[in-house]
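Notes to accompany the following structure.
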């Protein structure tokens, strides 16, 4: 059977449904076109945010306020102070540091020598953004009709205050042992381990015996010393006898006896030095006051402390014992030697570290390394650690890594409680400059208008009912910065500046210079 034909009404309804989005878009475009045609495609001006003109004849279109109240057109409404010109010291015009009367404060502030020195340090410490001396934008004043208009525009203000400032270089870093306080201990002669007194993690003091090694070279060196000592006694007695013969012995015989004694003394000293080289020191003075038997007993446990010899049986213990002695106070951070193990000179048996002193090593960018010098403070925060560690920079590499183009720098870190761990990574800061108190403002308050750094300062009489609602353009120099705060030179504590909404004032400042390039050359 043939299927019935589709109904025409359903086809028309589906086509109309699919055409709805297209019709909506076309209507939207038509609405935008109508709005653009009637507004001249112009965005709302600054004046639109100000109060509307009460009378068309009393309205300043250029500055967006009633012409009768416009301080820019009628400067007698808000006379300008006597111009002081460009400040070569601080790099700003109408400098409030050098001329406190210019500050927007009700009472004239006192600028102390310490504040002037602080400002100079901030500017001289490093290259700072400079202002153009010919720029006249600081002569502009942005005016609102009233406080309500400023509030409507979203203007928020904040008094200038002081805060600590820190300039630093950041770099990844790592904690490591102070390599001048690390000792790798190995046997000074091949042999086998007979006793182990200290283990991994034990804290040791300088002179502690960590282990004993049975080394044939030690026994051989002791035997050579005993042999030389006995021979020296014999040669010395012979010399005494020939000298006391009363002339019966020829002079040549006496000289031969003297030469034999000297030769034996040299031989004994060589044997003694051989023991010293094995870590078995024996002062030469002690050989002058002992007998052969006493020396033999002394050599058996040479360089072993009393607490070790008390645990050894002299009758059954060999004279080949070679102690491994801790050269400093510290902690055994590696050591897995066991009794009976055969060792040689190349095998490191123990690693002793004075963990109270650590190194912080950073990889600093080559361009940042130029600002770093020994003696600067370093702060390091280990990954996952809550605290920030403080050290002192002691070394800067003279070469950059050919692959990473970074420069290694190192700082000393004291860790008397042993809380830190070697090979811990983290982030560090090399402190370049630190001031306990500087003039600081929110970063959003500072702008560049093309060639100068500016902020907007509220007029000191702004809150008076009959006073013009004016914000002054103030040139500043910027120094230390964070994500939220910026150190500035050119403001005094207590002055009130625009924070939120300052971008709108910047737009109004630049509005008259659009098409003319830099605001430095804008016409008044």
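Residue numbers (full-length UniProt numbering): 1 to 524.
Even glycine gets a Cβ: it sits at the ideal position worked out from N, Cα and C.
Asked, Found
"Give the range of the alpha helix (DSSP H) segment to which residue 183 is assigned.", "That residue, residue 183, is in no alpha helix (DSSP H); its beta strand (DSSP E) goes 182-185."
"Roughly how many angstroms separate the alpha carbons of residue 267 and residue 232, rounded to a whole number?", "9 Å"
"For residue 408, name the three-state secondary structure that DSSP assigns.", "strand"
"By DSSP, does residue 125 sit in helix, in strand, or in coil?", "coil"
"Quick check: the region 298-310 against the region 271-287, are there 3 or more CB pairs under 8 Å?", "yes"
"State the Cα-Cα distance for the pair residue 387 and residue 414, rounded to the nearest angstrom.", "14 Å"
"How many angstroms separate the CA atom of residue 328 from the CA atom of residue 185?", "11 Å"
"Taking Cβ positions, are residue 141 and residue 438 nearer each other than 9 Å?", "no"
"If you check the beta carbons only, do residue 257 and residue 222 fall under 9 Å apart?", "no"
"In three-state DSSP terms, what is residue 68?", "helix"
"CB residue 215 to CB residue 195, shorter than 9 Å?", "no"
"With a Cβ-Cβ cutoff of 9 Å, do residue 111 and residue 352 count as a contact?", "no"
"Among all the DSSP beta bridges, which residues are the ones paired with residue 500?", "Answer is none; residue 500 lacks a bridge partner."
"Between which two residues does the beta strand (DSSP E) holding residue 389 run?", "389-400"
"For residue 138, which residues of its own chain have a beta-carbon under 7 Å away from its beta-carbon, when the five flanking residues on both sides are left out?", "93, 94, 473, 474, 475"
"Out of curiosity, what's the CA-to-CA distance linking residue 43 and residue 165?", "Residue placement at residue 43 is flagged as unreliable, the pLDDT there being 45, under the threshold of 50; the coordinate-derived value follows with that caveat. Spanning the two alpha carbons is a distance of roughly 41 Å."
"Any idea what DSSP makes of residue 507, helix, strand or coil?", "helix"
"Applying the criterion that 16 or more other CB atoms from any shown protein chain within 10 Å of the CB defines a buried residue, is residue 436 buried or exposed?", "exposed"
"The beta strand (DSSP E) that contains residue 481, what's its start and end?", "477-481"
"Who does residue 144 pair with in a DSSP beta bridge?", "469"
"Thinking C-beta only, is residue 239 closer than 9 Å to residue 260?", "yes"
"Using a 10 Å radius around the Cβ and a threshold of 16 neighbouring Cβ atoms, would you call residue 501 buried or exposed?", "buried"
"Taking the alpha helix (DSSP H) that residue 272 belongs to, which residues open and close that run?", "251-277"
"The alpha helix (DSSP H) with residue 307 in it runs from where to where?", "306-309"
"Would you please state the rounded distance, in angstroms, between the beta carbons of residue 392 and residue 412? I believe it to be under 8 Å.", "6 Å"
"Could you compute how far the alpha carbon of residue 381 sits from the alpha carbon of residue 113?", "37 Å"
"Name, in chain order, the residues that DSSP records as bridge partners for residue 60.", "65"
"Under 9 Å, Cβ to Cβ, is there at least one residue of chain D near residue 362?", "Any reference to chain D falls outside this structure, which holds one protein chain only."
"In this structure, how does DSSP classify residue 295 when only helix, strand and coil are distinguished?", "helix"
"Below 8 Å, how does it come out for the region 154-168 and the region 478-491: are there three or more Cβ pairs, yes or no?", "yes"
"Going straight from the alpha carbon of residue 66 to that of residue 122, what length do you get?", "42 Å"
"Tell me residue 485's beta-bridge partners as DSSP assigns them.", "442"
"Could you tell me whether the region 166-179 touches the region 419-429, where touching means 3 or more Cβ pairs closer than 8 Å?", "yes"
"I need the boundaries of the alpha helix (DSSP H) containing residue 240, first residue and last residue.", "216-243"
"Could you round the C-beta distance between residue 495 and residue 77 to whole angstroms and report it? I think they count as a contact, below 8 Å.", "Not confirmed; about 22 Å, so no contact."
"Can you tell me which of 59, 378, 100, 209 puts its alpha carbon nearest to the alpha carbon of residue 350?", "209"
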